[in-house]
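Numbering (this note's numbering), first residue to last: 2 to 114.
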């Protein structure tokens, strides 16, 4: 079980240190509903077609229950909706992550930011 308060306390120190050094930080997590809006200049929500997602989860050895949960979240756009509800519309971007080319494009986009 994730202790969100403890995580936020640790991350806040890390983000403040990076900011004082003039460095950017990439935060990668499967949800965004508890992160403060002030922490982020850009929120990318990676999306995948369901057949691509299913195959990835199967290759990772996810149980049928875990695959079903992830598939439902993707179909219902749970993370995208959380991001849209929690952050300013201009910083939330939905990006495809189906192919290696799309993933590389996403990395380049973050590097340019």
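Note that beta-carbon positions come from the ideal geometry of N, C-alpha and C, so glycine has one too. Owing to the predicted nature of the structure, the values given are computational and were not obtained by experimental measurement.
- In the three-state reduction of the DSSP assignment, residue 79 falls in the helix class, which pools H, G and I.
- Taking a contact as a CB-CB distance under 8 Å, the pair residue 59 and residue 68 counts as one, their CB atoms being some 7 Å apart.
- For residue 11, the uninterrupted alpha helix (DSSP H) segment begins and ends at 5-21.
- Here the alpha carbon of residue 86 sits roughly 28 Å from the alpha carbon of residue 57.
- Sequence-distant Cβ neighbours of residue 99 in its own chain, meaning closer than 6 Å and more than five residues away, are 49, 50, 53.
- Apart from the 5 residues on each side of it in sequence, residue 110 sits with its Cβ closer than 8 Å to the Cβ of 45, 96 in its chain, given in chain order.
- Non-local beta-carbon contacts of residue 9 in its own chain, meaning distances under 6 Å to residues more than five positions away in sequence, are absent.
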